[in-house]
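Participant: With my numbering, you'll find the first sequence wraps up at 1248, consecutive numbering, no jumps. Note that CB positions come from ideal geometry on N, CA and C, so glycine has one too. Below you'll find the structure I mean.
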Amino acid sequence: MPDTDNKPSQNFIKTIISEDILNNKNNARVHTRFPPEPNGYLHIGHAKSICLNFGIAEQFNGLCNLRFDDTNPAKEEIEYVESIMEDVKWLGFDWEDRLYFASEYFDKFYEYAIQLIKDGNAYVDSLTPDEIRQYRGTLTEPGKNSPYRNRSIKENMELFEKMKNGELEEGTHLLRAKIDMTSPNLNMRDPAIYRIKKASHHRTNDKWCIYPMYDFAHGLEDSIEKITHSICTLEFEDHRPLYDWFLEKLNVFHPRQIEFARLNLTYTVMSKRKLKKLVDEKYVSGWDDPRMPTVAGLRRRGYTAESIRNFCDTIGVAKRESTVDIALLEHCLREDLNKRAPRVMAVLHPLKVTITNYPDNKVEQMQAVNNPEDESAGTRLIPFSKTVYIEKDDFMENPPKKYFRLSPGKEIRLKHAYYIKCEKVIRNENTGEITELLCTYDPASKGGWTNDGRKVRGTSHWVSVDHALDAEIRLYNHLFTKQNPENVPDGQNFLANINPDSLEILKNCKVEQSLLDYPAGSFFQFMRQGYFSKDKDSANEKMIFNRSVSLKDTWAKIQKK
RNA sequence: UGGCCGGUUGUCAAGUGGUUAAGACACGGGUUUUUGGUGCCCGCAUACGCAGGUUCGAAUCCUGCCCGGCCAGCCA
């Protein structure tokens, strides 16, 4: 039967939620959360999770919280908290008044831990970290009970109290859940609940000497916030029995954990640890380097929030490990910007053209369409004069077949202006390099068209020499040379696949004056080149543009053959 | 030699016992075009990891096998 035409893409999580609603589970309420740890900047993989969690809330008339999972003060910083909030907002999502921090619940977590001890479900262990590892067993061998496993409740209470008061040193004592040291699931072999960490927390400062572990804290955070569906990535699948165990033993509201496959992209890495390494070791200029797959990096590169959200919808959500072709991300940007980006003229590699039969001091204002895909974008005037710059690539002295740009004796159209014909090539006597083209123009072709049926196939962008502004343009390529950067010889790591040509800086570019009027962050299509955005480091004296993504280039493809 | 999860076209991904096995990207071809851009048209899995079985009928159910991922932090 014909399904509804515009039904949003289905995935297994939405199927589960739909069933839960049908069964009136949680009174058909849907409440999700996005729970980042503030130990780095958000990347496109987080964007997938954000779109999923906020998107589900929206689709099912529910709510989505932003909650910082800040249970490890050693790795977390306020800078990351701020960047994460900025990024989520920028992506277009609103947590309204539901901004939470796991650290706000530390008192409650402490009480829950006490309850576990009192119920005989937790104990203080005094084994060393090394001994604990040995007692845990291996993947194929069961673990064995700690000699401290059967301490009395009273003794456990006293020791835990001392842990809390800072009377015991890091690594000497550990609160553990009393579950089953022989479980085939290692997460159930008496996992840690609280560890001693005499570190200052970015929000609770020095109030605590003990901090809860993820497995204990996370489910309780969800429970406290009455989350109905706790969506996380696949590596937590083995933790679900433990997630459920804590909630059952404590007899509190029990959200359902659902796991999905994290996003991988070709030609990049997607772990905060590795991204941090790239930043710390200066392989990139920072978390917002336009080559980074971080939300901040993509934003600076010129990606729009819409294109990222559309990408996240397009890739889908499933449980199988997969790697999405980065070409799809680029496609989503082109698709969005094609509709919205103003077209402007910018010459990346300038070649001077003198139009010999054009009056010396004449300047004409040519009318240019701002966006052929959007009539409401209107038109603007651009100055034309006797000397212009065109792109070096748009001229070839000895062109191959099917090259329909400029060459000696051939005619092309200067977009919005005139047809010109190449009459003479001028070169540097010493180097042989082509320095200038002498051309003639056809006054009858004003606007770039004649009605005489002439076939002028090539169209070049250009900018008037006297009116052009200098600009720096940064061209970006994949950060890694391999689709899978982890594909390295033994003994090497992903850094071995860093692309030495991931950034190319062009310092002698010529752009039209109208670019001065736009603020940093504005995006454009540089005609026939690609989409670019004005960098935040841009100044009026020195404009800087980042290439967000090139236009598709059929000619380049033909040439490769 | 442990447990859990997965395996549908080059890449993602719908599909939940009866469909010509969606869609997108990529790729190839054509067309339109004052961007070799865009748009439009066409092509792209007799096939669902493999082998059996159940059934009138299987990508969907069952059994066995193979392959991939994750787990032995006082990280999340």
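Is DSSP giving D1000 helix, strand or coil here?
Facilitator: In the first sequence, residue 1000 corresponds to position 313, counting from 1. Residue state, collapsed to three classes: helix.
Participant: Mapping the DSSP letters down to three states, classify L1035 as helix, strand or coil.
Facilitator: Within the first sequence, numbered from 1, the residue matching residue 1035 stands at position 348. L1035: coil per DSSP, three-state reduction.
Participant: With a CB to CB cut of under 7 Å and the five nearest residues on each side skipped, what residues in its chain are close to G989?
Facilitator: Here residue 989 is taken as the residue at index 302 of the first sequence, counted from 1. Same-chain partners within the cutoff: F1210, Y1218, F1219, S1220, N1233, S1235.
Participant: Hey, is the region 752-768 in contact with the region 719-730, meaning 3+ C-beta pairs nearer than 8 Å?
Facilitator: Because the criterion of three Cβ pairs below 8 Å is met, the region 752-768 and the region 719-730 touch.
Participant: T1146 and I1077: beta carbons closer than 8 Å?
Facilitator: In the first sequence, the residue the question calls residue 1146 occupies position 459. In the first sequence, the residue the question calls residue 1077 occupies position 390. No, these two residues do not count as a Cβ contact at 8 Å.
Participant: Answer yes or no: do F1181 and V956 have a C-beta to C-beta separation smaller than 8 Å?
Facilitator: Translated into the one-based positions of the first sequence, residue 1181 becomes position 494. Translated into the one-based positions of the first sequence, residue 956 becomes position 269. Against a cut-off of 8 Å, the Cβ pair of V956 and F1181 comes out as a contact.
Participant: Does the Cβ of E912 have 16 or more other Cβ atoms within 10 Å, making it buried, or fewer, making it exposed?
Facilitator: Counting from one through the first sequence, the residue named residue 912 turns up at place 225. With 16 or more other Cβ atoms within 10 Å, it is buried.
Participant: Using a 10 Å radius around the Cβ and a threshold of 16 neighbouring Cβ atoms, would you call S1189 buried or exposed?
Facilitator: Working through the first sequence from its first residue, we reach residue 1189 at position 502. With 16 or more other Cβ atoms within 10 Å, it is buried.
Participant: Below 6 Å CB to CB, which residues in the same chain sit around I1113 once its five sequence neighbours on both sides are set aside?
Facilitator: Here residue 1113 refers to the residue found at position 426 of the first sequence. Taken in chain order, the residues that qualify are T1122, E1123.
Participant: Kindly provide the ranges of any beta strand (DSSP E) runs that are 3 or more residues long and lie completely inside the region 1162-1192, ordered along the chain.
Facilitator: Runs of the beta strand (DSSP E) inside the region 1162-1192: none found.
Participant: Sorted by chain position, which residues of the same chain lie with C-beta nearer than 7 Å to V1277's C-beta, five sequence neighbours on each side aside?
Facilitator: Because the chain spans 688 through 1248 in this model, residue 1277 falls outside it and cannot be assessed.
Participant: Give a yes or no on whether the C-beta atoms belonging to T648 and L1125 are separated by under 8 Å.
Facilitator: Absent from the model: residue 648. The displayed extent of the chain is 688 to 1248, so no value can be given.
Participant: Near M1083, which residues of its chain fall below 8 Å by C-beta distance, leaving aside the five closest residues on each side in sequence?
Facilitator: In the first sequence, residue 1083 corresponds to position 396, counting from 1. For M1083, where only same-chain residues beyond five positions count, the Cβ hits under 8 Å are Y1090, R1092, L1093, S1094.
Participant: Is the beta carbon of V1150 closer than 8 Å to that of M1032?
Facilitator: To locate residue 1032, count along the first sequence from 1; it is residue 345. To locate residue 1150, count along the first sequence from 1; it is residue 463. Yes, the Cβ-Cβ distance between M1032 and V1150 is below 8 Å.
Participant: So, helix, strand or coil for R986, using DSSP?
Facilitator: Position 299 of the first sequence, counted from the start, is the residue given in the question as residue 986. Looking at R986 - three-state DSSP - the assignment turns out to be helix.
Participant: Within the continuous alpha helix (DSSP H) that includes D794, where are the two ends?
Facilitator: If you number the first sequence from 1, residue 794 lands on position 107. That run of the alpha helix (DSSP H) goes 793-805.
Participant: Alpha carbon to alpha carbon, how far is N713 from R785?
Facilitator: Stepping through the first sequence from its first residue, residue 713 is reached at position 26. Stepping through the first sequence from its first residue, residue 785 is reached at position 98. If you take the alpha carbons of N713 and R785, they lie about 19 Å apart.
Participant: Is the number of C-beta pairs between the region 999-1008 and the region 1161-1177 that are closer than 8 Å three or more?
Facilitator: No: fewer than three Cβ pairs fall under 8 Å.
Participant: Helix, strand or coil for T981, going by three-state DSSP, please let me know.
Facilitator: Numbered from 1 along the first sequence, position 294 holds the residue referred to as residue 981. Here T981 sits in strand by DSSP.
Participant: Secondary structure at P689, three-state DSSP: helix, strand or coil?
Facilitator: Reading the first sequence from its first residue, position 2 is the one you call residue 689. Below a pLDDT of 50, predicted positions are generally treated as unreliable, and P689, at 29, falls in that range; the measurement from the model is reported next regardless. DSSP places P689 in coil when its eight states are reduced to three.
Participant: Does the region 806-826 touch the region 858-866, meaning 3 or more C-beta pairs lie closer than 8 Å?
Facilitator: As far as the Cβ criterion goes, the region 858-866 touches the region 806-826, which means the pair count is three or higher.
Participant: So what does DSSP say about K1097, is it helix, strand or coil?
Facilitator: Residue 1097 sits at position 410 when you count from the first residue of the first sequence. Coil.
Participant: Buried or exposed: where does P1046 fall if 16 or more other Cβ atoms within 10 Å of its Cβ makes it buried?
Facilitator: Walking along the first sequence from the start, residue 1046 turns up at place 359. Looking at its Cβ environment, which holds fewer than 16 other Cβ atoms inside 10 Å, P1046 is exposed.
Participant: In the DSSP assignment, what residue or residues form a beta bridge with W1149?
Facilitator: Position 462 of the first sequence, counted from the first residue, corresponds to residue 1149. According to DSSP, which records beta bridges pairwise, W1149 is partnered with I1077.
Participant: Per DSSP, P1070 forms a beta bridge with which residues?
Facilitator: On the first sequence, position 383 is the one that residue 1070 refers to. Q1052.
Participant: Given this structure, state the Cα-to-Cα distance separating D1240 from C919, to the nearest angstrom.
Facilitator: Taking the first residue of the first sequence as 1, we reach residue 1240 at position 553. Taking the first residue of the first sequence as 1, we reach residue 919 at position 232. Near 39 Å, if we compare the C-alpha coordinates of C919 and D1240.
Participant: Mind checking whether C896 and I883 have CB atoms under 8 Å apart?
Facilitator: Position 209 of the first sequence, counted from the first residue, corresponds to residue 896. Position 196 of the first sequence, counted from the first residue, corresponds to residue 883. Yes. Within cutoff.
Participant: From L1193 to K1097, what does the alpha carbon distance come to, in whole angstroms?
Facilitator: Stepping through the first sequence from its first residue, residue 1193 is reached at position 506. Stepping through the first sequence from its first residue, residue 1097 is reached at position 410. Those two C-alpha atoms are separated by around 29 Å.
Participant: Taking E1173 as the reference, which of M772, I840, P760, N951 has the closest Cα?
Facilitator: For the purposes of this step, residue 1173 is taken as residue 486 along the first sequence, with counting starting at 1. Ranking the options by Cα distance to E1173, first place goes to N951.
Participant: Please look up how many angstroms separate the CB atoms of T787 and Y728, rounded, as I've assumed it's under 8 Å.
Facilitator: The residue you call residue 787 lines up with position 100 of the first sequence. The residue you call residue 728 lines up with position 41 of the first sequence. Correcting the residue identity first, residue 787 is Tyr in this sequence and not Thr. Y787 to Y728, Cβ: 20 Å. No contact.
Participant: Can you check whether the CB of C738 is closer than 8 Å to the CB of C999?
Facilitator: Numbered from its first residue, the first sequence carries residue 999 at position 312. Numbered from its first residue, the first sequence carries residue 738 at position 51. Yes; because the gap between Cβ atoms is below 8 Å, this pair is in contact.
Participant: Enumerate, from N- to C-terminal direction, the unbroken beta strand (DSSP E) stretches of 3 or more residues contained entirely within the region 823-899.
Facilitator: Listed in chain order, they are 861-864, 879-883, 897-899.
Participant: Could you round the C-beta distance between D1023 and E993 to whole angstroms and report it? I think they count as a contact, below 8 Å.
Facilitator: Here residue 1023 refers to the residue found at position 336 when the first sequence is read from its first residue. Here residue 993 refers to the residue found at position 306 when the first sequence is read from its first residue. The pair is a contact, with the Cβ atoms about 5 Å apart (cut-off 8 Å).
Participant: Run the CB neighbour count on R1141, radius 10 Å, all protein chains shown included, and call it buried at 16 or more, exposed below.
Facilitator: In the first sequence, counting from the first residue as 1, residue 1141 sits at position 454. Counting Cβ neighbours within 10 Å, R1141 comes out exposed, since fewer than 16 surround it.
Participant: DSSP puts H916 in a beta bridge; with which residues?
Facilitator: As a first step, residue 916 is located in the first sequence; it is residue number 229 there, counting from the start. Partner(s): R943.
Participant: Can you have a look at E854 and say buried or exposed, based on whether 16 or more other CB atoms are within 10 angstroms of its CB?
Facilitator: Position 167 of the first sequence, counting from 1, holds the residue named residue 854. By the neighbour-count rule (16 or more Cβ atoms within 10 Å), E854 is not buried but exposed.
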